[in-house]
Amino acid sequence: QSWSLELAGPHNASAAIATSPKADLIATGSSFGKISLWDSDGNYQRALLGHEGGISSLDFSPDGRWLASCDTGGGSHGFGGITARVWNIETGALHSVIPIPGWVNAIAFSPNSEQLAVSIEYFGTFLVFDLATGGSRSPAINGNTVRGLAWSPDGTELACSHNSDNHLRVWDVKTLKVLREVEAAGSNSLEWSPDGNSLAMQGSDGKVAIRDAKTLELLLVTDISARE
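Counting along the sequence shown from 1, when you hit position 76 you're at 76 in this note's numbering, and nothing is skipped either side.
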């Protein structure tokens, strides 16, 4: 005989949310560690259980096969028990548990769905996790808080907003070396344009800065808060 047990708790206590690439599935993460999956009509499907702390970040892989999640700690892994996890969406099975040595500000799958980038605040770095091998790589810890991050469309570069020294840096994913950098106010929201030509950053003041992705030259600043 076998049983399944689902943790109790309100579904509406969501601390993170993500939508699948086909928009047919929505994931929400609660402050007590439960991930809930919903269909596009808002019907509850199932839970993904295992996190020991509240869910802080969620991201679907571009191919729709995986869901990455990160918690706020509380277990026995890493610094303060913080972990990132990768789930198989079709089966609900846990694929990987990744100990994280600090608070996570962002997680993002690579365009080919084969790697996961995780920004780490207190240790001033980020890591790139390989789903096939289970290995992870990080650049040297430099003490600069990493907030937002974004993959280039071809998956060869990773843009990171470093808040401690207010710099935007573009890293080579293969070598984990800085390719170019510029002084720029830190941002939790960072996005690469689909054509790979531009980078957008939203600051805490509500302004969005658009930069040339190749030179990091400032192209445009717009205040979206003034339009609300």
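Virtual Cβ for every residue (Gly too), placed ideally from N, Cα, C.
Between V97 and R85, the C-beta spacing is below 9 Å. Judged by DSSP in its simplified three-state form, G81 adopts helix.
In this model, L220 and M201 are separated by some 11 Å (Cα to Cα). L190 and L149 have their C-alpha atoms spaced approximately 6 Å apart.
The beta carbon of T19 sits closer than 6 Å to those of I26, all from its chain and outside the five residues before and after it, given in chain order. Beta-bridge annotation (DSSP): A159 is paired with A150 and V170.
Put simply, the backbone Cα of R180 is about 5 Å away from that of V170. Taking the Cα of D71 as reference, the smallest distance to any Cα among S161, S61, L48 and W151 is reached at L48. Q115 counts as buried, since at least 16 other C-beta atoms from the protein chains shown sit within 10 angstroms of its C-beta. Distance from the CA atom of T215 to the CA atom of R147, rounded to whole angstroms, is 21 Å.
At a Cβ-Cβ threshold of 9 Å, A15 and I55 count as neighbours. By the criterion of a C-beta distance shorter than 8 Å, D195 is surrounded in its chain by P153, once the five residues flanking it on both sides are discounted. Pairing T156 with V128 gives a Cβ-Cβ distance that is not under 9 Å. The residues S113, in chain order, have a CB closer than 6 Å to that of D63 in the same chain once the five nearest residues on each side in sequence are set aside. N163 is classed as buried because its beta carbon has at least 16 other beta carbons within 10 Å across all chains shown.
Put simply, the backbone Cα of G135 is about 13 Å away from that of V118.
Secondary structure at L49: coil, using DSSP grouped into helix, strand and coil.
Pairing P111 with W151 gives a Cβ-Cβ distance under 9 Å.
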